[in-house]
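Counting the sequence shown from 1 gives a position; our numbering is that position plus 84. One structure below.
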Amino acid sequence: MAIITLTTDFGLKDHFVGVLKGSIYSELPDAKIVDISHNVAPFNIQECAYILKNSYNSFPKGSIHIVGVDSEATQENQHIAILINGHYFISANTGVIGLITSEVKPEKIVEIKIPDPLHGSFPVLSVFVQVACHIARGGTLEVVGKPFNELKDLREFMPRIVDDGKKIIGSVIYIDNYGNVVTNIQKHLFEAYRKGRDFELLVRNHKIKKIHKAYNDIIDYSVEKSKRKGDGDLLALFNSSEYIELAIYKSNLKTVGGAATLLGLDYRDTIIIDFL
85 MAIITLTTDF
95 GLKDHFVGVL
105 KGSIYSELPD
115 AKIVDISHNV
125 APFNIQECAY
135 ILKNSYNSFP
145 KGSIHIVGVD
155 SEATQENQHI
165 AILINGHYFI
175 SANTGVIGLI
185 TSEVKPEKIV
195 EIKIPDPLHG
205 SFPVLSVFVQ
215 VACHIARGGT
225 LEVVGKPFNE
235 LKDLREFMPR
245 IVDDGKKIIG
255 SVIYIDNYGN
265 VVTNIQKHLF
275 EAYRKGRDFE
285 LLVRNHKIKK
295 IHKAYNDIID
305 YSVEKSKRKG
315 DGDLLALFNS
325 SEYIELAIYK
335 SNLKTVGGAA
345 TLLGLDYRDT
355 IIIDFL
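Following this line, the structure appears as structure tokens:
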């Protein structure tokens with residue numbers, strides 16, 4: 085039985101997540117359901133895409149990923165099912181899939197057209213669960229939809245290269261549980277335009293001239309302990325997903341705060357890299 089994952093902005097206070105799981109188990113008693121996250125910020129497509137893009141490949145091929153963020157269907161927000169790199173995604177055409185597939189071409193996309201769908205305010209239950217269970221039983225996408233080629237492409241979330249490659253203008257796309265700030269600038273893009281040059285990463289009134297590979301790389305053990313950088317200091321690093329991330333070393337979000345609060349950064353705020 086294929087794994088079915090759930091990524092939503094439903095939270096855990098209400099009954100919605102439990103209803104989804106109960107409905108899947110009613111259809112497929114032997115189903116394997118995995119929660120990726122139910123704490124995506126409401127309607128935050130970029131945050132949802134970041135979480136999914138950096139998690140789906142950890143699951144086996146054939147896994148089915150239900151995306152419950154901004155899922156109501158409209159004329160411009162169709163319900164779609166996609167096969168990408170051996171994985172199935174069921175979502176609304178919000179742009180989240182376009183962000184996930186920015187570097188991977190989808191193998192198949194259909195607009196969902198199931199008979200007698202229940203139109204209401206909970207399409208993840210009335211539509212997405214039906215499609216997921218159909219696929220989990222070995223069903224094909226052609227049975228639940230028709231070919232679709234209008235996948236939304238949200239270019240506004242991509243970094244911009246300006247000044248003949250001397251500058252990258254990026255933005256905040258995610259703030260994690262530690263208050264660390266993830267930008268949309270990936271390592272391969274940074275290195276492609278750096279070309280060995282020195283650089284300055286500009287954020288608010290801070291300039292950072294080094295990007296680390298790990299958090300504790302900020303500590304120079306050759307320096308006297310009292311003079312080292314360490315707890316509470318700002319650093320940049322390439323995180324495990326190879327995005328540039330800003331962090332306060334060993335910060336406590338519940339006391340002193342994390343990088344987001346201490347730097348005054350929020351979703352979509354600007355980060356600039358100048359190559360010198």
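We put the beta carbon where it would ideally sit given N, CA and C, even for glycine.
Closest in C-alpha terms to residue 312, from the list 181, 206, 172, 303, comes 303. When C-beta atoms of the region 181-194 are compared with those of the region 243-253, fewer than three pairs fall below 8 Å, so the two segments do not count as touching.
With a threshold of 16 other beta carbon atoms within 10 Å, residue 308 falls short and is exposed. Taking the Cα of residue 297 as reference, the smallest distance to any Cα among 310, 316, 320 is reached at 320.
Contact between residue 146 and residue 86 holds, since their C-beta atoms are separated by about 5 Å, short of 8 Å. Linking residue 159 to residue 237 through their CA atoms gives a straight-line distance of about 16 Å.
With contacts defined as CB atoms closer than 8 Å, residue 342 and residue 332 qualify as a contacting pair. For residue 329, the uninterrupted beta strand (DSSP E) segment begins and ends at 327-332. For residue 255, the secondary structure class from DSSP, reduced to helix, strand or coil, is strand.
Secondary structure note for residue 102: its alpha helix (DSSP H) is the uninterrupted segment 100-111. The criterion of a C-beta distance shorter than 8 Å is not satisfied by residue 149 and residue 92.
Listed in chain order, the beta strand (DSSP E) runs fully inside the region 216-244 are 229-231, counting runs of at least 3 residues. The distance from the Cβ of residue 241 to that of residue 259 is about 15 Å, inconsistent with a contact at the 8 Å cut-off. Nearest to residue 208 by alpha-carbon distance, out of 314, 325, 235, 173, is 173.
For residue 275, the three-state secondary structure derived from DSSP is helix. In this structure, 194 is the residue among 194, 114, 335 with its C-alpha nearest to the C-alpha of residue 166. Exclusion of the five residues before and after residue 328 leaves 267, 269, 274, 295, 320, 322 as the residues of its chain whose Cβ lies within less than 7 Å of its Cβ. Shortest Cα-Cα distance from residue 286 to any of 360, 300, 219, 102 involves 360. At a Cβ-Cβ threshold of 8 Å, residue 117 and residue 153 do not count as neighbours. Of 301, 325, 326, the smallest CA-CA separation from residue 314 is found for 301.
Take the alpha-carbon of residue 97 and the one of residue 122: they are about 10 Å apart. Bridge pairing for residue 121: 91 [DSSP].
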